[in-house]
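Protein chains in written order, with this note's numbering: chain A, 83 to 437; chain B, 83 to 437.
Structure first, then comments.
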DNA sequence: CTGAAAGCGCTTACAG
DNA sequence: CTGAAAGCGCTTACAG
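Given below as structure tokens:
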């Protein structure tokens, strides 16, 4: 059924059908009702392609998950037999929350995952083909930034989750960031409260904004409390389980071991737990561990992991809402926001003040 | 840039541009090359809406996650403050694998999540609006079947994951199922091999095909081995963590406890672990537990959960591949396939033959 | 307030 | 082999 057909049935022109559907003013209530009723009765839905082609919005956004490898290491996602594994604690909540919020606002979402520069070209094609009205990017690093900035220059509405806000000066976009710094400060302050004076850290890939900020938070909090980070107590990981494992082996292989380790994400904490078990040590009796992300898995570890919650739900919802608002207002926003970070106390940190 | 503009630059008509892009035969190599080069140089991409409107395929499919509540219980997904939680071990790998496979085949995917009958109407709109060329449905139950069957009757290409294949007789679609029965048989046979003679079960919501089949597999395997399922050893859960917890409390609250429990999915196994710990019992010393799904979390439990892997990756890839093939061949397939089920031995089952 | 008409950018018979 | 033209189903000035 086309608008033409419906128009005939109702006895109006198809212009009127369009006007009712798109909520134009100055239509008598009677006409509006008649049309609305006919739409319902005949189950009419305007052809999306025709609308878009004629200049209306598509009500479609894309969510782009970037996991472009540099130095051969995927960051948040593991691959097996050339396909992606389901262990994806970083991305998958975001997909759900973005979809949910977009649907609530009556938008559809296309999902796109890029593992390589080649995939990135496909992402660009989505824009070139005018399939979408805007997009949310997550997990950007260096190589893809240029493409994203080009898109912004071309006038596309874009939201960036977890991207260095420095760019906001030159590129109008919606920047929604994790409050890595605040989270890290809270984590380290908590350890200090519990009496820890010798604290180690396993960092993420320091090319990532989030990894660097988490490290900064730790360093400054230690300094602020007159404590020091021994170079033996810092291990540069890459946010993978394996690097958490290696980090522990490395850090605890020193004469003066720290009493606590700040592990920069929960995925690495899993590896850390394994290494600690292998060394015959217990958490938190022998060593305290604090994670970051409050991922799904963290509460199921033994002992349950104390960690930092970074309100992924809020971030995803906020980015989606702002993006759609910018689309509807037909202008690029320039907004920088940060999420909250909350300490989630569980059982992996020991109070050593009485020791 | 429109095809018209490009045509002028190259010195051909826009028909020729189209023909090259869509790989028509009978174009001299020289012309083809010239056009291809210009496309590359000017970064031309045909407008998706225009293509679709003119009758070409959109190269777009939808993946629809159905979690329509009946009797107030969401099945695979938990909600908090009216939004969906990230704990989604059932759906999220599927999203990733489908997207991945579709992208490989040069298709885009729209993701849609339905929690209510109202949401379902939105899903239908995606079809009515001609946004997509086909869709994959996951998690169907009763209420939504009718809508899906209508869609099939209208000629849409549809793949159904984990839906009763009985419908294949009357509705041409691609049915890809978990091999619940085989998996359940393998799980129970393994327990019997280890010497267990008294085996309990916590089922899923028996309205779901998967729950019923898993129960059937257990019953028939027991029978086949001359064993019996005591009614005290069956608890009807609903695939949620809480029901796993309650199931254990219920089943172990009998004078003659089973030595092993088959928990119908890994999520319920998490609850089962908690209940067992509360009862002061140990896994597997006091009670053996076997799960189902081989979800992300299962290997991180303490002890690591023995479970059944149902090759979600294969299922998702297969459904996607077949759906796209049916779209490209412009006809509805009628195919029923089952995935493999593999026993994953970990540490939650005890060999009690020597006891 | 409302209709007729142009136009969005493609694809696909139709001719030649 | 290739171009001119019709048509896909909308939306949006333009008139009235």
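Cβ coordinates follow ideal geometry from the N, Cα and C atoms, glycine included.
In this text the structure is predicted, and so the values were computed from the model without any measurement.
{"query": "Report the rounded CA-to-CA distance for residue 426 of chain B versus residue 390 of chain B, giving the unit in angstroms.", "result": "6 Å"}
{"query": "Against residue 187 of chain A, what residues of chain B qualify as contacts under a CB-to-CB distance less than 8 Å, listed in chain order?", "result": "Those do not exist, as residue 187 of chain A stays about 12 Å from chain B at its closest Cβ, beyond 8 Å."}
{"query": "Considering only residues of the same chain and omitting the five flanking positions on each side of residue 429 of chain A, which have a CB-CB separation below 6 Å?", "result": "385, 386"}
{"query": "What are the residues in the segment 192-215 of chain B lying within 8 Å of chain A by C-beta distance?", "result": "192, 193, 194, 195, 201, 204, 207, 208, 210, 211, 212, 213"}
{"query": "Going by DSSP in three states, residue 237 of chain B sits in which element: helix, strand or coil?", "result": "coil"}
{"query": "Can you find a C-beta in chain B that's less than 8 Å from the C-beta of residue 388 of chain A?", "result": "no"}
{"query": "So does the segment 198-211 of chain B actually touch the segment 176-190 of chain B, counting three or more Cβ pairs closer than 8 Å?", "result": "no"}
{"query": "Residue 286 of chain A and residue 316 of chain A look like a contact to me (Cβ under 8 Å); what is the Cβ gap, rounded to whole Å?", "result": "Actually they are not in contact, since the Cβ atoms of residue 286 of chain A and residue 316 of chain A sit about 12 Å apart, beyond 8 Å."}
{"query": "In chain B, which residues lie with their C-beta within 7 Å of the C-beta of residue 134 of chain A?", "result": "131"}
{"query": "Taking only runs of the beta strand (DSSP E) that begin and end inside the segment 106-135 of chain A, which ones reach a length of at least 3 residues, in chain order?", "result": "none"}
{"query": "Answer with buried or exposed for residue 414 of chain A, where buried requires no fewer than 16 other C-beta atoms within 10 angstroms of its C-beta.", "result": "buried"}
{"query": "Please list the terminal residues of the continuous alpha helix (DSSP H) segment that includes residue 309 of chain A.", "result": "Taken as a continuous stretch (DSSP letters only), residue 309 of chain A belongs to no alpha helix (DSSP H), as it is neither H nor E."}
{"query": "Name the DSSP beta bridge partners of residue 420 of chain A, please?", "result": "A:259"}
{"query": "Is residue 415 of chain B helix, strand or coil when you go by DSSP?", "result": "coil"}
{"query": "Please compile the residues from chain A whose C-beta is within a distance smaller than 8 Å of the C-beta of residue 128 of chain B.", "result": "211"}
{"query": "Determine the closest residue to residue 303 of chain B out of B:102, B:253, B:401, B:280, with distance taken between C-alpha atoms.", "result": "B:280"}
{"query": "Since residue 100 of chain A meets chain B, which of its residues come closer than 9 Å, beta carbon to beta carbon?", "result": "What residue 100 of chain A touches in chain B: nothing, since even the nearest Cβ is about 14 Å away."}
{"query": "Any idea what DSSP makes of residue 382 of chain A, helix, strand or coil?", "result": "helix"}
{"query": "What are the boundary residues of the alpha helix (DSSP H) that residue 91 of chain B is part of?", "result": "85-92"}
{"query": "Should residue 314 of chain B and residue 336 of chain B be called a contact, given that it needs their Cβ atoms to be closer than 8 Å?", "result": "yes"}
{"query": "Are residue 233 of chain B and residue 244 of chain B close, meaning C-beta to C-beta below 8 Å?", "result": "no"}
{"query": "Using a Cβ-Cβ distance under 8 Å, would residue 47 of chain A count as near chain B?", "result": "The structure shown does not extend to residue 47 of chain A, since chain A spans only 83 to 437, so no value can be given for it."}
{"query": "Please list the residues of the segment 343-368 of chain A that have a C-beta atom closer than 8 Å to any C-beta atom in chain B, keeping them in chain order.", "result": "352"}
{"query": "If contact means a Cβ-Cβ distance below 9 Å, which residues of the segment 369-387 of chain B contact chain A?", "result": "377, 378, 379, 382, 383, 384"}
{"query": "Considering only the beta carbon of each residue, do residue 354 of chain B and residue 326 of chain B sit closer than 8 Å?", "result": "yes"}
{"query": "Take residue 436 of chain A as the anchor and find which of A:178, A:277, A:124 has the nearest alpha-carbon.", "result": "A:277"}
{"query": "In chain A, which residues lie with their C-beta within 8 Å of the C-beta of residue 287 of chain B?", "result": "None at all; the shortest Cβ gap to chain A is about 21 Å."}
{"query": "Which residues, in order along the segment 246-267 of chain A, keep a beta-carbon less than 9 Å from a beta-carbon of chain B?", "result": "none"}
{"query": "Could you give the first and the last residue of the continuous alpha helix (DSSP H) run that contains residue 404 of chain A?", "result": "394-410"}
{"query": "When burial is assigned at 16 or more other CB atoms within 10 Å of the CB, is residue 80 of chain B buried or exposed?", "result": "Lying before the first or after the last residue shown, residue 80 of chain B is absent from chain B, which here runs from 83 to 437."}
{"query": "Please list the partners that residue 125 of chain B has in chain A, where partner means a Cβ-to-Cβ separation under 8 Å.", "result": "210"}
{"query": "Under 6 Å Cβ to Cβ from residue 246 of chain A, same chain only, skipping five residues before and after it: list those, please.", "result": "291"}
{"query": "Assign residue 351 of chain B to one of two classes, buried (16 or more other C-beta atoms within 10 Å of its C-beta) or exposed (fewer than that).", "result": "buried"}
{"query": "For the segment 291-356 of chain B, list the alpha helix (DSSP H) runs that are entirely contained and at least 4 residues long, ordered along the chain.", "result": "291-306, 323-333"}
{"query": "Within 10 Å of its beta-carbon, does residue 235 of chain A have 16 or more other beta-carbons around it, so buried, or fewer, so exposed?", "result": "exposed"}
{"query": "For residue 177 of chain A, return the contacting residues in chain B, with the cut-off set at a CB-CB distance below 8 Å.", "result": "174, 177, 193"}
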